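Please read the structure below before turning to the comments.
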Amino acid sequence: MKTEIIRKTMPTYLTQQLLLSCWILSSSTTTSFSPVQNSVQHDHLPSLFRSEPLNDNASGSDSKSSSNSRSTPLWATNKRRKKGKPSMSERLKRRQGKTKSDPDQFAHLRSAGIDLYSKTDEDSNSSKVEEASIKVEQVENPTAAGEKAKELLKAQRASVNMLTMVKERLEERLSDSDVRTELDSKGYAIVDDFFAGTTDNDDYGTTILTELQEEGTRMLQDGGMEVDTSNLGTGEYIIPIAGGEKQYISCPRMVEIVVSATKHVPEVFSSNSSSSSDEESDSKCLDLDKSACMATLRTFDRKALKASMALLMGKQDDDVLDIPESTSPLKVITEGDDDQRKLSLYYYIVPDNWGENCGGGLEFESGVVYAKRDRLVVLFSDTTKCKPITWKGSDDSSDTMIGNSIELHLVNKRK
């Protein structure tokens, strides 16, 4: 009777399990996502919260307790069913574990063929060019390198020969008594066959003249020459001969003429040591600067002249070019007291068939000096009056369409 009263007043075993499971679930919702949740031991909880069922000692029912001694409690089952989603760190660990466990799981897939460390197209092209240049140098070393050295040596020899020749010709021709007498009496002197008149090597002089004419044509085409604004409509272009690497490539012989003349002409006119008579010793001595000059290349283009005449006068006949220039007076080259130019040299680079009808040259008070192949005209810049003769050229040949002159002005030495 007593046992029946206890059973009526106490909840049944299943009711206890249900109530306790609900309590466990409500308390575990706040910690279900914590990584510490799985490591907490529940030994301090009653046996109901473990994997063993609660024994009904009051009832003394051994059969019911033995059948449920190893069964899974209801609260544990419900917990596994309603467990929260794993965190990102747990997912990452699982993926890493799977990858480590099977390193060859993607071996059957085809490679994408992408190399993250490969060079760009520009880098690869530059490397190919470098490799090719190295190979070319290696191949050309025994032959091409030798040829380049020969060309460089040949160019150096040509430069030295030209400088030496200009020096010798200046000393020889400008020291001539006839030239100095003419210069002192007229204010100008004419030196024909300046290069070609050498008795030792006439062929070399002819070669120099051909090179100079080719340089004049090349400078007109690619040398950066500009229209002479002081003589508009005359077909004349000018450019300073200042040297430098770029200009030397286009006109090396012209640059060497200017360099050698600037240095050696002052030496010729500094004393009369070469004169042998008292009459010749009266020649004028000049104190010229060996390191300074004013050099200009003047090039005439007949095509440009005819185009200008057609634009201004409506025709291209040579009769138009024969109109006398009465408005152009004779005057000295220097302009003002501050102009230090003292001696001027005009060297004409024209073809062999260039005649007086082609124009070019200088007009003086005592006569006219036309442009001529390999002709040098020397005059005093501050005392001799002159004016340039109009360039005309000729349609007879392509050579007479272009004419050139080097204008070199030497200055007084600075005091």
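Take the sequence shown: its position 265, counted from the start at 1, is 265 in full-length UniProt numbering, and no numbers get skipped. Ideal Cβ placement from N, Cα and C applies to all residues, glycine included. Computed from a prediction, not measured in an experiment: that's the story for all the values here.
Only counting the same chain, and skipping five residues up and downstream in sequence, which positions put a Cβ closer than 8 Å to that of residue i?
i, result
"L288", "V265, P266, F269, S270, K342, L343, L410, V411, N412, K413"
"L312", "G233"
"K315", "M309"
"A242", "A295"
"P86", "R94"
Which residue from the options puts its Cα closest to that of residue i?
i, options, result
"F195", "Y188, V160, K415, Y347", "Y347"
"S328", "Y237, I389, L170", "I389"
"D352", "M309, L312, D396", "D396"
"K306", "G233, R375, D339, D374", "G233"
"C358", "S398, K284, A158", "S398"
"L220", "I238, D178, T143", "I238"
"V258", "G314, P240, E245", "P240"
"Y248", "R218, V227, D228, E226", "R218"
"T415", "E363, K372, Q340, L362", "A quick correction: the sequence has Lys, not Thr, at residue 415. Here the closest residue by C-alpha is Q340."
"R180", "A144, D228, L286, R91", "L286"
"F364", "L152, L330, E226, W391", "L330"
"D228", "G244, G197, D337, A304", "A304"
Excluding five sequence neighbours on each side, which residues of the same chain lie with their C-beta closer than 6 Å to the C-beta of residue i?
i, result
"R302", "G393, M401"
"T262", "C293"
"E182", "A189"
"G336", "none"
"N141", "none"
"G146", "none"
Apart from the five residues just before and just after residue i, which ones in its own chain have a Cβ nearer than 7 Å to its Cβ?
i, result
"L212", "R253, M254, I349"
"L379", "G187, Y188, S344, C386"
"T383", "G187, V332"
"E256", "S159, M162, L163, V166"
"Y370", "E356, G360, G361, I389"
"M225", "M219, Y237, I238, I239, T299"
Whole-angstrom Cβ separation of residue i and residue j, contact assumed at under 8 Å?
i, j, result
"G360", "G403", "5 Å"
"S250", "G223", "5 Å"
"G235", "S175", "With 8 Å as the limit, G235 and S175 do not qualify as a contact, their Cβ atoms being about 37 Å apart."
"D184", "K284", "6 Å"
"D193", "D374", "5 Å"
Do residue j and residue i count as a contact pair if the criterion is CB distance below 7 Å?
i, j, result
"K167", "S291", "no"
"T296", "E407", "yes"
"I208", "V377", "no"
"S405", "R298", "yes"
"S366", "T334", "no"
Would you say residue i touches the ligand FAD, meaning its beta carbon is less than 6 Å from a heavy atom?
i, result
"V368", "Among the ligands in the structure shown, none appear at all, so the ligand FAD cannot be discussed."
In chain order, what are the residue ranges of uninterrupted beta strand (DSSP E) at least 3 long that sit wholly in the region 191 to 218? none
Let me know the beta strand (DSSP E) ranges lying completely inside the region 366 to 403, each 3 residues or longer, listed in chain order. 367 to 370, 375 to 380, 386 to 388
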